[in-house]
Amino acid sequence: MNLHAIRAIYRFEMARTFRTLLQSIVSPVVSTSLYFVVFGSAIGSRIPEVGGVSYGAFIVPGLVMLSLLTQSISNASFGIYFPKFSGTIYELLSAPVSAFEIVISYVGAAATKSIALGLIILATAALFVPLRIMHPGVMLLFLALTAVTFSLLGFIIGIWADGFEKLQFIPTLIVTPLTFLGGSFYSIDMLPPFWQKVTLFNPVVYLISGFRWSFYGVADVSVGISLGMTLLFMTLCMGVVAYMFKTGYRLKS
Numbered sequence: 001m002n003l004h005a006i007r008a009i010y011r012f013e014m015a016r017t018f019r020t021l022l023q024s025i026v027s028p029v030v031s032t033s034l035y036f037v038v039f040g041s042a043i044g045s046r047i048p049e050v051g052g053v054s055y056g057a058f059i060v061p062g063l064v065m066l067s068l069l070t071q072s073i074s075n076a077s078f079g080i081y082f083p084k085f086s087g088t089i090y091e092l093l094s095a096p097v098s099a100f101e102i103v104i105s106y107v108g109a110a111a112t113k114s115i116a117l118g119l120i121i122l123a124t125a126a127l128f129v130p131l132r133i134m135h136p137g138v139m140l141l142f143l144a145l146t147a148v149t150f151s152l153l154g155f156i157i158g159i160w161a162d163g164f165e166k167l168q169f170i171p172t173l174i175v176t177p178l179t180f181l182g183g184s185f186y187s188i189d190m191l192p193p194f195w196q197k198v199t200l201f202n203p204v205v206y207l208i209s210g211f212r213w214s215f216y217g218v219a220d221v222s223v224g225i226s227l228g229m230t231l232l233f234m235t236l237c238m239g240v241v242a243y244m245f246k247t248g249y250r251l252k253s
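For the sequence shown, UniProt numbering assigns the number 1 to the initial residue and increments by one for each residue that follows.
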């Protein structure tokens with residue numbers, strides 16, 4: 001394994017974050033803070049508690065997941081797509097770097113940035129609501145698995161996309177609605193029985209439910225099932241990436 005190449009690509013991608021600090025860090029944190037102000041104050045005054053947890057604290061895991069999912073996809077997809085768009089991808093293709101090493105570099109950098117952002121948002125949330133984490137190890141596990149999984153999905157999108165419209169299609173029209181409808185701001189127990197069953201077909205429900213359990217010990221779905229679904233989704237994304245390269249699909253501008 002070419003560790004020097006992995007380190008070089010990883011450091012380049014991480015350096016890009018500091019060059020675009022306003023867009024990469026400040027903007028998501030400000031957006032999340034606005035969610036706390038609007039949902040925590042306006043709606044929270046009408047919903048005092050959900051599952052024994054104050055509404056402002058209840059929505060924290062959902063808001064972290066919302067940012068984590070969107071930023072993981074955005075970081076990974078843009079990271080691999082922009083070299084294709086600018087033509088600098090040929091420098092990467094001509095270097096002695098395997099497809100596996102490329103995936104590790106870009107996905108690792110995107111996941112690292114997303115995890116750091118998630119932790120910053122958690123620190124920001126603590127300024128608005130009393131925050132407690134009952135199972136910090138499980139919280140970090142879900143945080144890492146989700147970041148890697150959706151960074152893999154973003155990498156797939158970046159390879160597949162041949163324009164900026166396609167780059168934004170899946171995150172905007174599929175992932176974001178699934179996150180809002182996956183229990184970010186409410187418990188699925190609050191829904192009518194029919195819609196509770198329909199919501200279980202939303203994979204994001206399991207991510208948010210397991211992540212919320214690590215905070216307060218309450219969940220819409222068993223934490224074991226949530227962890228299993230997260231691992232399954234990650235395995236599927238890894239399989240798609242492997243299939244793309246195995247069948248001869250290559251990076252191209």
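Note that the Cβ used here is the ideal one computed from N, Cα and C, for glycine as well.
For residue i, collect the residues of the same chain with a Cβ closer than 6 angstroms to its Cβ; drop the 5 residues on either side in sequence, then sort them by chain order.
i      : result
Leu178 : Asn202 and Val204
Is it the case that the Cβ atoms of residue i and residue j are separated by a distance below 9 angstroms?
i      : j      : result
Gly158 : Ser105 : no
Leu68  : Gly118 : yes
Val221 : Leu200 : yes
Ser90  : Ala161 : Going by the sequence as given, residue 90 is Tyr instead of Ser. Not a contact, by the Cβ cut-off of 9 angstroms.
Ile102 : Ile9   : yes
Leu63  : Phe36  : yes
Ser72  : Ala123 : no
Ile188 : Tyr206 : no
Glu13  : Ala109 : yes
Pro171 : Gly183 : no
Gly79  : Arg16  : yes
Phe39  : Phe185 : yes
Met134 : Gly217 : yes
Leu227 : Leu141 : yes
Val223 : Val138 : yes
Might you give, ordered along the chain, the residues of its own chain that have their beta carbon closer than 7 angstroms to the beta carbon of residue i, omitting 5 neighbours on each side?
i           : result
Pro61       : Ile208, Phe211, Arg212 and Phe215
residue 257 : Residue coverage of the chain in this structure runs from 1 to 253, which leaves residue 257 outside it and unanswerable.
Val97       : Asn2 and Ala5
Val240      : Ile156
Is it the case that the CB of residue i approaches a heavy atom of the ligand MN more closely than 8 angstroms?
i     : result
Ser33 : Only the bare structure without any ligand can be found here, which leaves the ligand MN out of the picture.
Residue i lies in the alpha helix (DSSP H); which residues open and close that run?
i      : result
Arg16  : Leu3 to Arg19
Phe164 : Phe164 to Ile170
Val221 : Element bounds for Val221: n/a, residue is neither H nor E.
Pro193 : Pro193 to Thr199
Ser187 : Run containing Ser187: none; DSSP gives neither H nor E here.
Gly137 : Pro136 to Trp160
Thr176 : Thr176 to Phe180
Phe39  : Counting along the chain, Phe39 falls outside any alpha helix (DSSP H), and DSSP gives it neither H nor E.
Ser74  : Val60 to Ser86
Leu119 : Ala99 to Ala125
Leu92  : Ile89 to Ser94
Comparing C-alpha positions only, which one of the options sits nearest to residue i?
i      : options                           : result
Ile59  : Ala126, Gly87 and Val148          : Ala126
Ile120 : Ala219, Leu143 and Ser98          : Leu143
Phe128 : Ala219, Phe233 and Thr32          : Thr32
Phe164 : Pro83, Ile133 and His135          : Pro83
Ala57  : Pro130, Leu227 and Asn75          : Pro130
Met229 : Ser94, Leu145 and Leu92           : Leu145
Thr70  : Phe233, Pro28, Met238 and Leu92   : Pro28
Lys113 : Val223, Thr235, Ala95 and Val26   : Val26
Thr20  : Tyr243, Gly137, Thr88 and Asn75   : Asn75
Leu66  : Phe233, Cys237, Phe150 and Ala219 : Phe150
Within its chain, find whatever has a CB closer than 8 angstroms to the CB of residue i; leave out the 5 residues flanking it on each side and keep chain order.
i           : result
Met190      : Val50
Ile47       : Tyr55
residue 267 : Outside the displayed range of the chain (1 to 253) lies residue 267, so it cannot be described from this structure.
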